[in-house]
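See structure below.
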Amino acid sequence: MKHSSILVFITALLLTYCTDELRSQQYLNFPIDTVVSDEFYNYRAYLNYDNAGKIHLVNSRQFHTNSATREIFYWNNVSGSMIPYRVTNNSTDDNYVTIGFDDVGKVHLGWERRDAANLFQLIYTNNRNVSAGFGDSVWITSGGLNKATPYMAVGKNDSSVHFVYFTFVTGQDNAFYRKYNYVTGALGNELTLGPAEASGENDISIAVDSFGKLHIVYTTNHSSGTGTLKYFNNEAGNITELQTGVSDLVSYPSITIDNGNVLHIVYRRSGRQQALYYQQTFRRNFSTPLQLLRQLDSLLITGLSTLIMKEDSM
Numbered sequence: 000m001k002h003s004s005i006l007v008f009i010t011a012l013l014l015t016y017c018t019d020e021l022r023s024q025q026y027l028n029f030p031i032d033t034v035v036s037d038e039f040y041n042y043r044a045y046l047n048y049d050n051a052g053k054i055h056l057v058n059s060r061q062f063h064t065n066s067a068t069r070e071i072f073y074w075n076n077v078s079g080s081m082i083p084y085r086v087t088n089n090s091t092d093d094n095y096v097t098i099g100f101d102d103v104g105k106v107h108l109g110w111e112r113r114d115a116a117n118l119f120q121l122i123y124t125n126n127r128n129v130s131a132g133f134g135d136s137v138w139i140t141s142g143g144l145n146k147a148t149p150y151m152a153v154g155k156n157d158s159s160v161h162f163v164y165f166t167f168v169t170g171q172d173n174a175f176y177r178k179y180n181y182v183t184g185a186l187g188n189e190l191t192l193g194p195a196e197a198s199g200e201n202d203i204s205i206a207v208d209s210f211g212k213l214h215i216v217y218t219t220n221h222s223s224g225t226g227t228l229k230y231f232n233n234e235a236g237n238i239t240e241l242q243t244g245v246s247d248l249v250s251y252p253s254i255t256i257d258n259g260n261v262l263h264i265v266y267r268r269s270g271r272q273q274a275l276y277y278q279q280t281f282r283r284n285f286s287t288p289l290q291l292l293r294q295l296d297s298l299l300i301t302g303l304s305t306l307i308m309k310e311d312s313m
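With numbering that gives the first Met the number 0 applied, the sequence shown corresponds to residues 0 to 313, in that order.
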């Protein structure tokens, strides 16, 4: 039986700005720590830190090559050691898990699962009202088309979780948004953001600022795994697209918001040696994109874009 490991890269990136130009860059080594090495195949993982600096990690795992054995696991090192919790235990394919924290530090999870019709739908759970593990799961989507590569953000003081995702069909895919209130159980309407092609990776991301406003970024993936960078927010009331000024084709965009409500976007620019770029905005004014890394392997760049953006706090 094959063993598989999840490697956690702990990195720091120092950026110095002067008149909107990158004046100097210092790259640090990436220490590697093995979180788990066992009889499972370990798949896509998301890592986040709580306010105490503890690691919270979610991933999908399976035995051998049978995807029906793929389950969702949650890990943390709150006790001092990395402890796993099995979130699902069924004969259904569960995959693409995403994690978030609410205002009191409770953990919220979203992922995709095959339904009775063998279509991929979105599932949600949290650990708010249980002494250990997670409560019952809730279907966020049902019927219709396959859903793909979800991303979830927890709202600020509104008891809501916010999902963005793609459809995955033969023909035109689209990007979508949907809200769920985990206190009342109210499920919001599905909102179509626009045409976008799903890939095998997370190409859509959402964040919530301290005012409870939503910020969504994704790539249309219309050109050989790359596409137009799309950005939406609801600062004016409805979820509306705003132009970023990025004209290049991009892939793997990620988004986060710092404590000053400044929005940060990291993405990979097509061509130009598959470089990693960074852009920020404050009050709707986007900065000029800055090149962070260049001439690196595309897989490494994909991982870095995720890790750099995972330092958003609860």
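Here a beta-carbon is modelled for each residue, glycine too, at the ideal position from N, C-alpha and C.
Worksheet item: What is the rounded straight-line gap between the Cα of Ala-188 and the Cα of Arg-177?
Response: In the sequence as presented, Ala is not what sits at residue 188; that position holds Asn. Distance between the alpha carbons of Asn-188 and Arg-177: 6 Å.
Fill in: Nearest-angstrom Cα separation, counted from Leu-186 out to Gly-193
Those two C-alpha atoms are separated by around 21 Å.
Practice prompt. Note down, in chain order, each residue of its chain lying with its Cβ closer than 6 Å to the Cβ of Ile-215, except the 5 sequence neighbours on either side.
Written response: Val-163, Ile-205 and Phe-231
Worksheet item: Where Val-249 and Tyr-48 are concerned, what is the direct C-alpha to C-alpha distance, given to the nearest angstrom?
Response: Val-249 and Tyr-48 have their C-alpha atoms spaced approximately 27 Å apart.
Practice prompt. Name the residue from Gly-143, Leu-144 and Lys-105 whose alpha carbon lies nearest to the alpha carbon of Ser-130.
Written response: Lys-105
Worksheet item: In terms of residues, what are the limits of the beta strand (DSSP E) holding Val-57?
Response: That run of the beta strand (DSSP E) goes 54 to 61.
Item to complete: For the segment 89 to 104 and the segment 140 to 157, state whether three or more C-beta atom pairs, one from each stretch, are separated by less than 8 Å.
Response: yes
Worksheet entry | Per-residue DSSP class, three states only, for Thr-219 | coil
Worksheet item: Can you give, in chain order, each stretch of the beta strand (DSSP E) that sits fully within the segment 166 to 207 and has at least 3 residues?
Response: Runs of the beta strand (DSSP E) inside the segment 166 to 207: 173 to 180, 190 to 194 and 203 to 207.
Item to complete: Report yes if the CB atom of Asp-172 is closer than 8 Å to the CB atom of Glu-196, and no otherwise.
Response: yes
Worksheet entry | C-alpha gap between Trp-110 and Phe-285, whole angstroms | 31 Å
Fill in: Sequence-distant residues of the same chain with beta carbon closer than 8 Å to Glu-70, five excluded per side
Ser-59, Arg-60, Gln-61, Arg-85, Val-86, Thr-87, Asn-88, Asn-89 and Asp-93
Worksheet item: Going by the CB atoms, is the gap between Thr-124 and Asp-114 shorter than 8 Å?
Response: 8 Å or more divides the Cβ of Asp-114 from the Cβ of Thr-124.
Practice prompt. Compute the Euclidean distance between the alpha carbons of Glu-20 and Leu-213, then round it to the nearest angstrom.
Written response: Note that Glu-20 scores a pLDDT of 36, beneath 50, so its modelled location is shaky; the value from the coordinates is reported in the next line. Taking the straight line from one Cα to the other gives about 28 Å.
Worksheet entry | Nearest-angstrom beta carbon gap, Asn-180 and Ser-209 [assumed within contact, 8 Å] | So it is not a contact: roughly 20 Å between Cβ atoms.
Fill in: Whether Arg-268 touches Tyr-251 by CB criterion (8 Å)
no
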